[in-house]
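> So for the sequence shown, full-length UniProt numbering puts the first residue at 1; every next one is plus one. Where is the CB? At the ideal position from N, CA and C, for every residue including glycine.
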Amino acid sequence: MTNDPVGDRLRAALSAPGNERCADCRSPDPSWASHNIGVFLCQDCAGVHRSLGTHISRVRSVTLDTWDAPSVAVMLSRGNRLVNDTMEALLPLSQRIGSDVAARARDQFIRAKYVNRRFQRRTAPAPAAPESPPDDIFAGLTVVSSAPTCAPAVAPQAPSLLDLPADLFAGLSSPPTPFPFVDAAAPTDNPGASASSSSSSSSFAFIGHGPGAAAPPGPVGMGGVPAVKVVRATPPPAADPFGDIVQLN
Numbered sequence: 001m002t003n004d005p006v007g008d009r010l011r012a013a014l015s016a017p018g019n020e021r022c023a024d025c026r027s028p029d030p031s032w033a034s035h036n037i038g039v040f041l042c043q044d045c046a047g048v049h050r051s052l053g054t055h056i057s058r059v060r061s062v063t064l065d066t067w068d069a070p071s072v073a074v075m076l077s078r079g080n081r082l083v084n085d086t087m088e089a090l091l092p093l094s095q096r097i098g099s100d101v102a103a104r105a106r107d108q109f110i111r112a113k114y115v116n117r118r119f120q121r122r123t124a125p126a127p128a129a130p131e132s133p134p135d136d137i138f139a140g141l142t143v144v145s146s147a148p149t150c151a152p153a154v155a156p157q158a159p160s161l162l163d164l165p166a167d168l169f170a171g172l173s174s175p176p177t178p179f180p181f182v183d184a185a186a187p188t189d190n191p192g193a194s195a196s197s198s199s200s201s202s203s204f205a206f207i208g209h210g211p212g213a214a215a216p217p218g219p220v221g222m223g224g225v226p227a228v229k230v231v232r233a234t235p236p237p238a239a240d241p242f243g244d245i246v247q248l249n
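Okay, here's the thing in structure tokens:
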């Protein structure tokens, strides 16, 4: 051990109550230490700690190795008594090992103590303080409306007669203009023209008669055939453009 401030502090840690014996087998005057766990050890127990790996225990010699200030600070803040109060809290006195214990039993005990932590009291973590609810419990939330985003589709309805345009039936308010038939009874100053007109009217009156129909009468005034009066009729249907024309005596 060198005479320096760090060495002086390490010696002070070694002389603290509980550190005068090995933390595992209670052998007197330990000369080794696990500087990450914070306990002083005898040479035999230090050998087992070294076999655990540096992820479990990091071993240094108190007299042969050089110490740094952070490692010495760990030894001062912990020590054998404080560490054993935790790591051996559930260890019965009958299961403790002594300095004369067999090497296999020493190895099993140290592994159970530091690797498996079989004798460590498990302390439940302190419950976290409940957070106070925010003033606005809906803060940060996006409110989604249940109403539809667009107007619902309206079922199509048949138009009412009141909604139809006023001129829809304009073409049906009066009968269509009849064909310009010639009235055979109309007087004329020209007898020849009258006869020709009567003949044409009589012939037109019988258009559309089928076979077997009576022969058309002769001209008016010939053979005592009375004059025929042609009745103005509406146009025939489109399906039969040559329909019969009603004739009255």
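(1) Taking the C-alpha atoms as reference points, what is the distance between S34 and V83?
(2) Give the DSSP-derived three-state secondary structure of L10 in the structure shown.
(3) Which residues bound the beta strand (DSSP E) around S34?
(4) Who are the Cβ neighbours of S31 in its own chain at under 7 Å, not counting the five residues just before and after it?
(5) Does the distance from the C-beta atom of V74 to that of G38 stay below 8 Å?
(6) Is DSSP giving L76 helix, strand or coil here?
(7) Applying the criterion that 16 or more other CB atoms from any shown protein chain within 10 Å of the CB defines a buried residue, is L41 buried or exposed?
(8) Please state if the CB of R121 and the CB of L93 are separated by a distance shorter than 8 Å.
(9) At the level of alpha carbons, what is the spacing between S99 and D85?
(10) From F119 to L76, what distance separates their C-alpha atoms?
(11) In or out: H55 buried (at least 16 other Cβ within 10 Å) or exposed?
(12) Pick helix, strand or coil for F119, following the three-state DSSP scheme.
(13) Per the DSSP calculation, R60 is bridged to which residue(s)?
(14) Output the boundary residues of the alpha helix (DSSP H) element that contains L52.
(15) With DSSP collapsed to three states, give me the class of V101.
(16) Given a threshold of 16 other Cβ atoms within 10 Å of its Cβ, counted over all protein chains shown, does A69 qualify as buried or as exposed?
(17) Below 8 Å between beta carbons: does that hold for A103 and I97?
(18) Determine whether the beta carbon atoms of I110 and V48 lie at a separation below 8 Å.
Result, derived from the coordinates:
(1) Their backbone Cα atoms lie some 11 Å apart in a straight line.
(2) Three-state result, L10: helix.
(3) Looking at the DSSP string, the run of the beta strand (DSSP E) that includes S34 is 32-34.
(4) In its chain, beyond the 5 residues on either side, Q43, S61, V62, T63 have a beta carbon closer than 7 Å to the beta carbon of S31.
(5) Cβ atoms of V74 and G38: closer than 8 Å.
(6) If DSSP states are grouped into helix, strand and coil, L76 belongs with the helices.
(7) Flag for L41 reads buried.
(8) L93 places its beta carbon 8 Å or farther from that of R121.
(9) Looking at the two C-alpha atoms, the distance is approximately 20 Å.
(10) Computed Cα separation, rounded: 23 Å.
(11) Per the 10 Å Cβ criterion, exposed.
(12) Three-state DSSP puts F119 in coil, outside helix and strand.
(13) Answer is A33.
(14) 43-52 is the extent of the alpha helix (DSSP H) around L52.
(15) Look at V101 here: in three-state DSSP terms it is coil, with no helix or strand label.
(16) Around the beta carbon of A69, a 10 Å sphere encloses fewer than 16 other beta carbons of the protein chains shown; the residue is thus reported as exposed.
(17) Using a Cβ distance threshold of 8 Å, A103 and I97 do not count as a contacting pair.
(18) Yes, these two residues count as a Cβ contact at 8 Å.
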